[in-house]
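See below for the structure under consideration.
Residue numbers (the numbering used here): 71 to 172.
Structure representation (structure tokens):
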């Protein structure tokens, strides 16, 4: 019995001490991703958030290594597949969908 109480006291004390230090600290320079604040990805995020290219008449945006189909308001997998000349079952399967709704 004595061991259980001591173990509980140690756990509770550890939690309270950790919580107390974290509540009092300044989070301005806290290293959230634990990489030592060596890397700054702010520029990459800004570039990624810039306006995307406009899609063509089929709704396709072409990038150097891939293409993206942009869904329009009310589009279904079948609508997109028909617009692109693809089989709707293959498009649904490729996108992890189990069935195609008309």
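Ideal Cβ placement from N, Cα and C applies to all residues, glycine included.
Buried/exposed call for residue 87, threshold 16 Cβ in 10 Å: exposed
Spatially closest choice to residue 126 from 140, 135, 115 and 134, by CA coordinates: Per the Cα distances, 140.
Identity of the residues DSSP links to residue 139 by a beta bridge: 130
Minimum C-alpha distance to residue 156 - residue among 128, 132 and 142: 128
Which of helix, strand or coil DSSP assigns to residue 165: coil
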